[in-house]
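If you read the sequences in order, they're chains A and B.
The first sequence begins at 74 in our numbering and counts up by one.
The second sequence begins at 74 in our numbering and counts up by one.
Number of protein chains: 2
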Amino acid sequence: MHYTAEHRLDGALERRFTLGDIPGILWTPTNAPAPTPLILIGHPGGLHRMYPRIAARARRATTHGFAAATIELPGAGDRPPSPTTEQARADLQRQLRTTGRPTDDAVDRLVLPLVEQAVPEWRTALDTLLAQPHIRGPVGYSGGIISIGLRLAATEPRITAAVLFAGSYVPRSMLTEARDVTIPLHVLLQWDDEGNDRRHALDLFDAFGSTDKTLNANTGGHTGVPEHAGDAADRFFTRHLT
Amino acid sequence: MHYTAEHRLDGALERRFTLGDIPGILWTPTNAPAPTPLILIGHPGGLHRMYPRIAARARRATTHGFAAATIELPGAGDRPPSPTTEQARADLQRQLRTTGRPTDDAVDRLVLPLVEQAVPEWRTALDTLLAQPHIRGPVGYSGGIISIGLRLAATEPRITAAVLFAGSYVPRSMLTEARDVTIPLHVLLQWDDEGNDRRHALDLFDAFGSTDKTLNANTGGHTGVPEHAGDAADRFFTRHLT
Numbered sequence: 074m075h076y077t078a079e080h081r082l083d084g085a086l087e088r089r090f091t092l093g094d095i096p097g098i099l100w101t102p103t104n105a106p107a108p109t110p111l112i113l114i115g116h117p118g119g120l121h122r123m124y125p126r127i128a129a130r131a132r133r134a135t136t137h138g139f140a141a142a143t144i145e146l147p148g149a150g151d152r153p154p155s156p157t158t159e160q161a162r163a164d165l166q167r168q169l170r171t172t173g174r175p176t177d178d179a180v181d182r183l184v185l186p187l188v189e190q191a192v193p194e195w196r197t198a199l200d201t202l203l204a205q206p207h208i209r210g211p212v213g214y215s216g217g218i219i220s221i222g223l224r225l226a227a228t229e230p231r232i233t234a235a236v237l238f239a240g241s242y243v244p245r246s247m248l249t250e251a252r253d254v255t256i257p258l259h260v261l262l263q264w265d266d267e268g269n270d271r272r273h274a275l276d277l278f279d280a281f282g283s284t285d286k287t288l289n290a291n292t293g294g295h296t297g298v299p300e301h302a303g304d305a306a307d308r309f310f311t312r313h314l315t
Numbered sequence: 074m075h076y077t078a079e080h081r082l083d084g085a086l087e088r089r090f091t092l093g094d095i096p097g098i099l100w101t102p103t104n105a106p107a108p109t110p111l112i113l114i115g116h117p118g119g120l121h122r123m124y125p126r127i128a129a130r131a132r133r134a135t136t137h138g139f140a141a142a143t144i145e146l147p148g149a150g151d152r153p154p155s156p157t158t159e160q161a162r163a164d165l166q167r168q169l170r171t172t173g174r175p176t177d178d179a180v181d182r183l184v185l186p187l188v189e190q191a192v193p194e195w196r197t198a199l200d201t202l203l204a205q206p207h208i209r210g211p212v213g214y215s216g217g218i219i220s221i222g223l224r225l226a227a228t229e230p231r232i233t234a235a236v237l238f239a240g241s242y243v244p245r246s247m248l249t250e251a252r253d254v255t256i257p258l259h260v261l262l263q264w265d266d267e268g269n270d271r272r273h274a275l276d277l278f279d280a281f282g283s284t285d286k287t288l289n290a291n292t293g294g295h296t297g298v299p300e301h302a303g304d305a306a307d308r309f310f311t312r313h314l315t
């Protein structure tokens, strides 16, 4: 892990880093007693493009006394493009335009390889982040592609609570994996999200094995998560990581 | 409106009253600047039996600076019993035991007459409560039989925000009425509530006409609403009534 740039923000330190050839960003609160819990900030890929929204979520975390970190997804941003992922994404988007919903096969071809490649990278990032002197567990995972969050929540024992955003398609084969998720969950659902199958999202919420799970659904489209729903997610992490 | 008993509580004054032959309870905060907003506390009927849960919700309201009030439902508690309601309730409960779900007809026979009789009573109570010198609007409605809350929210313009509890059966004819509800809504759903049709509850949430509506669904049965969900409902009222 090599730090490549550093910005002092009001109450937080933002550091860019590389982990091998994977770029990432780490935010640490400057006025919280170290070491701090950590929230992994998921996203759909493209750290430059997504920076404003990712940074806003990270700053909420540091305000509540948590460190926050993210890494670039495979094939996204400055990482080498993946022709098969690009083809699968184009196919899925074409299906959305023409029929309004993608086939299971298109979802599988886009999401499953991404999950297979990304999840070990996030686990490696976690190894490195938790070795930093100012960061300790517990660890939360927040948002991003829900299938990546699902796999991480199901398989990474250091993640003890997760906020998942029902905002993308989940391969049907992963519904059974949801039973293996037993940590406290807070699931955000935008009720009118055009890029999401609401019924499928509700089935997934039902499938999670967690005994402590909350669905927070709000009117509005994909990017219209209301401020109070962000506040509720913050409080979820405060309950479970402190 | 005649006050019949008065208890000073820590930070609140609890007064029993009668409105005609309908018993009720009013809680007012003693340390908030009067006049205060008002929350109507719904319940399934039976003020004696339900008192601990109703009073706990009322005390949450007074803690947040609101007055809270409730009245007995028709045919419940100390009010004259209604043989047709009792028969309809017995029929519905028998169907629940034998087939696991009531017929639409059984739901209609139990709920529709109750809504028709209760809603005007709550509106009359509202007239009287808002005439008290220490109470003003805005007015919120909270919980109880969801069909009563739905009808009040759809037809009573003085109610400006409602917390509804998806915990009882709603006549199918009232789904269309849900379109007329346009005030901010916060709907609590216990995901594993045996006495509730989850799919029906989700359809109802979808049907509400409000552009500002939140579904807060949690694992657990009818009475297992987690503390944090109660807190979220409190915050909803604080956002909309203050």
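A virtual CB, placed ideally from N, CA and C, is assigned to each residue, including glycine.
Reference residue i; option with closest CA among the options
i        : options                                : result
A/His75  : A/Leu82, A/Leu86, A/Pro96              : A/Pro96
A/Glu229 : A/Gly216, A/Asp253, A/Asp265, A/Thr249 : A/Asp253
B/Leu202 : B/Arg88, B/Asp83, B/Gly84              : B/Arg88
B/Ser246 : B/Ala290, B/Leu223, B/His80, B/Ala234  : B/Leu223
A/Asp265 : A/Asn291, A/Asp279, A/Asn104           : A/Asn291
A/Arg126 : A/Val298, A/Arg167, A/Ala226, A/Ala161 : A/Val298
A/Glu250 : A/Gly240, A/Arg231, A/Phe278           : A/Phe278
B/Val192 : B/Leu82, B/Thr311, B/Arg122, B/Glu145  : B/Glu145
A/Trp195 : A/Tyr124, A/Ile98, A/Val180            : A/Ile98
B/Met123 : B/Thr143, B/Thr136, B/His137           : B/Thr143
B/Leu185 : B/Arg152, B/Leu237, B/Leu248           : B/Leu248
A/Asp304 : A/His137, A/Ala128, A/Arg152           : A/His137
A/Ile256 : A/Tyr214, A/Asp276, A/Gly268           : A/Tyr214
B/Leu314 : B/Ser241, B/Asn269, B/Val236           : B/Val236
B/Leu120 : B/Asp151, B/Ala129, B/Asp164           : B/Asp151
A/Leu225 : A/Gly240, A/Ser241, A/Gln190           : A/Gln190
A/Arg271 : B/Glu267, B/Gly173, B/Asp270, B/Asp276 : B/Asp276
A/Ala239 : A/Pro156, A/Leu261, A/Ile221           : A/Leu261
A/Leu183 : A/Asp200, A/Leu199, A/Lys286, A/Ile221 : A/Ile221
B/Thr197 : B/Leu82, B/Gln168, B/Ala306, B/Thr91   : B/Thr91
Whole-Å CB distance - residue i paired with residue j, under 8 angstroms assumed
i        : j        : result
A/His273 : A/Val243 : 7 angstroms
A/Thr109 : A/Phe139 : 6 angstroms
B/Thr101 : B/Gly84  : Between B/Gly84 and B/Thr101 the Cβ distance is about 10 angstroms, and since that is not below 8 angstroms, they are no contact.
B/Ser241 : B/Gly282 : Between B/Gly282 and B/Ser241 the Cβ distance is about 21 angstroms, and since that is not below 8 angstroms, they are no contact.
B/Ala149 : B/Gly118 : 3 angstroms
B/Pro147 : B/Leu187 : 6 angstroms
Alpha-carbon spacing of residue i relative to residue j, whole angstroms
i        : j        : result
A/His295 : A/Gln263 : 6 angstroms
B/Ala280 : B/Pro154 : 33 angstroms
B/Leu111 : B/Val212 : 5 angstroms
A/Ile219 : A/His259 : 12 angstroms
B/His301 : B/Ala107 : 28 angstroms
B/Ala78  : B/Gly93  : 16 angstroms
A/Gln160 : A/Ala141 : 32 angstroms
A/Arg170 : A/Ala134 : 36 angstroms
A/Gln27  : A/Ala131 : No statement about residue 27 of chain A is possible, as the shown extent of chain A runs from 74 to 315 and does not include it.
B/Arg209 : B/Arg231 : 10 angstroms
A/Arg308 : A/Ala234 : 12 angstroms
A/Gly293 : B/Thr284 : 8 angstroms
B/Leu288 : A/Asn289 : 6 angstroms
B/His116 : B/Ala204 : 23 angstroms
B/Thr158 : B/Ala179 : 11 angstroms
A/Ala129 : A/Gly217 : 14 angstroms
A/Leu199 : A/Leu82  : 23 angstroms
A/Asp181 : B/Thr311 : 44 angstroms
A/Ala317 : A/Ala105 : In this structure chain A extends from 74 to 315, so residue 317 of chain A is not present and cannot be described.
A/Arg162 : B/Gln168 : 50 angstroms
B/Pro156 : B/Leu86  : 36 angstroms
B/Asp164 : B/Lys286 : 34 angstroms
B/His80  : B/Ala227 : 34 angstroms
May I have a chain-ordered list of the beta strand (DSSP E) segments no shorter than 3 residues that lie completely inside the segment 141 to 217 of chain B? Complete beta strand (DSSP E) runs here, min 3: 208 to 216.
If contact means a Cβ-Cβ distance below 9 angstroms, which residues of the segment 285 to 297 of chain B contact chain A? Within the segment 285 to 297 of chain B, the residues whose Cβ lies closer than 9 angstroms to some Cβ of chain A are Asp285, Lys286, Thr287, Leu288, Asn289, Ala290, Asn291, Thr292, Gly293, listed in chain order.
Of all the residues that make up the segment 298 to 312 of chain B, which are near chain A by a beta-carbon distance shorter than 9 angstroms? Of all residues in the segment 298 to 312 of chain B, the ones placed with a Cβ closer than 9 angstroms to any Cβ belonging to chain A are Pro299, His301, Ala302, Asp304, Ala305, Arg308, Phe309, Arg312, in chain order.
Taking only beta carbons into account, state which residues of the segment 270 to 284 of chain A come closer than 8 angstroms to chain B, listed in chain order. If the cut-off is 8 angstroms between Cβ atoms, the segment 270 to 284 of chain A has Leu275, Phe278, Asp279, Ser283, Thr284 near chain B.
Write down every uninterrupted run of the beta strand (DSSP E) in the segment 284 to 311 of chain B whose length is 3 residues or greater and which is fully enclosed by it, in chain order. Complete beta strand (DSSP E) runs here, min 3: 286 to 291.
Which full runs of the alpha helix (DSSP H) of 4+ residues lie inside the segment 110 to 139 of chain A, going along the chain? Runs of the alpha helix (DSSP H) inside the segment 110 to 139 of chain A: 120 to 136.
Sequence ranges, alpha helix (DSSP H) only - wholly within the segment 228 to 269 of chain B, length at least 4: Whole alpha helix (DSSP H) segments, 4+ residues: 247 to 250.
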